[in-house]
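Written out below as structure tokens is the structure these notes cover.
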Amino acid sequence: KAFSNSARLGIMIALYYEKKMSFTELLNFSGLPKSSLMFHLQVLEDEGLIKVNKVFTIGGVRTEIRITDKGREIMSKYIKYVKNLREEEK
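This note's numbering puts the sequence shown at residues 14 to 103.
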């Protein structure tokens, strides 16, 4: 279910490489409306692929999104699969 949507896949790819991002960073990266991004993050969190936390900074409270070990493992397999497909095309 989590990867049945290209927006969620994009979010997971970004988090795989960045490890963590703020809600605002993901908002800018994805180009999604806030409500859509919140929905997709909830789906990914419900699947145990990401963790959403409120963190206190000098600038105030920020929402931080991190990829979980489960999410990292699944994305690693996905990326290897895609690389293998590309190698087979050559």
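All C-beta atoms in this analysis are idealised placements derived from N, C-alpha and C, irrespective of residue type, glycine included.
Please read all numbers here as calculations on a predicted model, not as lab measurements.
For residue 66, the uninterrupted beta strand (DSSP E) segment begins and ends at 63-70. Less than 8 Å separates the beta-carbon of residue 80 from that of residue 32.
DSSP places residue 35 inside the beta strand (DSSP E), whose first and last residues are 33-35.
In this structure, the beta-carbon distance from residue 15 to residue 43 does not fall below 8 Å.
Within the model, the alpha-carbon separation for residue 45 versus residue 38 is close to 11 Å. Contact between residue 28 and residue 84 holds: CB atoms are separated by about 7 Å, below the 8 Å threshold.
Looking at the backbone, the Cα of residue 77 and that of residue 102 are separated by about 38 Å. The shortest C-alpha to C-alpha distance from residue 60 to any of 98, 25 and 71 is the one to 25. Between residue 53 and residue 18, the C-beta spacing is below 8 Å.
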